[in-house]
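These notes are about the structure you will find just below.
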Amino acid sequence: MQEKKSCKTLIHSDITQSDFELPDIQFDLTISNAVFHMIGDFFHIIKKATQHLKTNGHLCFTVIPFDKTDEKHFKKSTRQGIYYNHKKEIDLYVFRHTISYIYYVLKENKLQLISNQVFLAFTDFHEKRDVFFEFYHAIKR
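Residue numbers for the sequence shown follow the working numbering, so the first one is 164 and each next one is one higher.
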């Protein structure tokens, strides 16, 4: 991004760590797309993003929708509303988050849900299935 001059500074941070760093600035809009299905408990990420979001600022993110059929392939984690599947052949954990978990995260961070929508993200030709994402749009009050 710096090479294309689309930003002055690019900050690398491990958002899976609860103490990850963000610059001391405020944002009007924060977007996270196709990330949270790779992270179990993302409460601290939303909390940090909200701290840097202006009043009436927008937060948009996606998750892979949780479906009751996921319970066959996903195990309950120790955190209420989070399920996981360990793909041993590639040593990868993937997560699903229930609607109640997402509503809890939004409410605790004083975010008002404006809309959410399920959409076709891509077709996985290896597994021969469509993959859907669920988009959430919230505003800080």
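Ideal Cβ positions, reconstructed from N, Cα and C, are used throughout, including at glycine. Quick caveat: nothing in here was measured; it's all calculated off a predicted structure.
Residues sharing a beta bridge with residue i, DSSP
i, result
"Y310", "Examination of residue 310 is not possible in this model, given that the chain is present from 164 through 304 alone."
"K211", "According to DSSP, which records beta bridges pairwise, K211 is partnered with nothing at all."
"S195", "F224"
"L216", "F190"
"L255", "K250"
"V294", "F285"
"L274", "K303"
Rounded C-alpha distance that separates residue i from residue j
i, j, result
"V226", "H289", "21 Å"
"I245", "E184", "25 Å"
Proximal residues to residue i (C-beta, below 8 Å), its chain only, five neighbours per side dropped
i, result
"R304", "T218, N219, K273, L274 and Q275"
Cβ shell of residue i (< 7 Å), same chain only, five flanking positions each side left out
i, result
"L269", "L276 and A301"
Across the region 195-202 and the region 253-269, are there enough close Cβ pairs to call them in contact, namely three or more that are closer than 8 Å? yes
Three Cβ pairs or more, each shorter than 8 Å: is that satisfied between the region 239-257 and the region 176-194? no
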